[in-house]
Amino acid sequence: MGLVALGVFLFSLLDRVSTAVAIGGCFAAMGAGFGTVMVTATAVVVRHASVDDAGVAGGLHQTAMNVGPTLGVATATMLMALTAPGSAADQPYGDGPRWTGGAFISAMGSTLTVLAAVAAFGALLAVKLPGRVKVAVEGESG
Numbered sequence: 073m074g075l076v077a078l079g080v081f082l083f084s085l086l087d088r089v090s091t092a093v094a095i096g097g098c099f100a101a102m103g104a105g106f107g108t109v110m111v112t113a114t115a116v117v118v119r120h121a122s123v124d125d126a127g128v129a130g131g132l133h134q135t136a137m138n139v140g141p142t143l144g145v146a147t148a149t150m151l152m153a154l155t156a157p158g159s160a161a162d163q164p165y166g167d168g169p170r171w172t173g174g175a176f177i178s179a180m181g182s183t184l185t186v187l188a189a190v191a192a193f194g195a196l197l198a199v200k201l202p203g204r205v206k207v208a209v210e211g212e213s214g
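FYI, in this note's numbering the residues of the sequence shown are 73 to 214.
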């Protein structure tokens, strides 16, 4: 989650002159974070379910993995509309708002900063999760 927060925050700092290396670094941090979180979450949920309930546990996990991004996109859209220079109320309805590139980048920067803070808060909450219990393996000493 820390890498996800870092990647999102780094994205918030990009502007029109950002290089491919800078953009790629943001994607690398986010990708490493998401890959770790998604694989670990799936392993934890399914591993602790009984064989009879593994399908249900996996299905519930996948549902959560679909609801989360849906809420995230809706939140990001709302934040962009609220933070763009020139109120969204001033924009014409129909085809949606027509922002200048500068207004879009400004709104995107502030929105991504808020979303990075949400991800960092999630990382802090994850630290408070109960720790792992070491399971003795048959034939293992100590």
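Beta carbons are placed, not taken as given, at the ideal position from N, Cα and C, and that holds for glycine.
Note that the structure is predicted; figures quoted are calculated from it, not measured.
Taking W262 as the reference, give the member of F83, T155, L184, T185 with the closest Cα. What the structure shows of the chain is the stretch from 73 to 214, and residue 262 is not part of that stretch, so it cannot be assessed.
Write down the C-beta distance between V80 and A148 rounded to the nearest angstrom, noting that I regard them as a contact closer than 8 Å. No, V80 and A148 are not in contact; Cβ-Cβ is about 10 Å, not under 8 Å.
Should M150 go down as buried or exposed, given a rule of 16 or more other Cβ atoms within 10 Å for buried? exposed
Test item: CB-CB of M238 and T183 under 8 Å: This structure cannot settle anything about residue 238, because the visible part of the chain is limited to 73 through 214.
Alpha-carbon spacing of T112 relative to A92, whole angstroms: 30 Å
Determine the burial state of L82: buried for a count of at least 16 other Cβ atoms within 10 Å of its Cβ, exposed for fewer. buried
Same chain, Cβ closer than 7 Å to M180, five either side skipped, listed in chain order: M152
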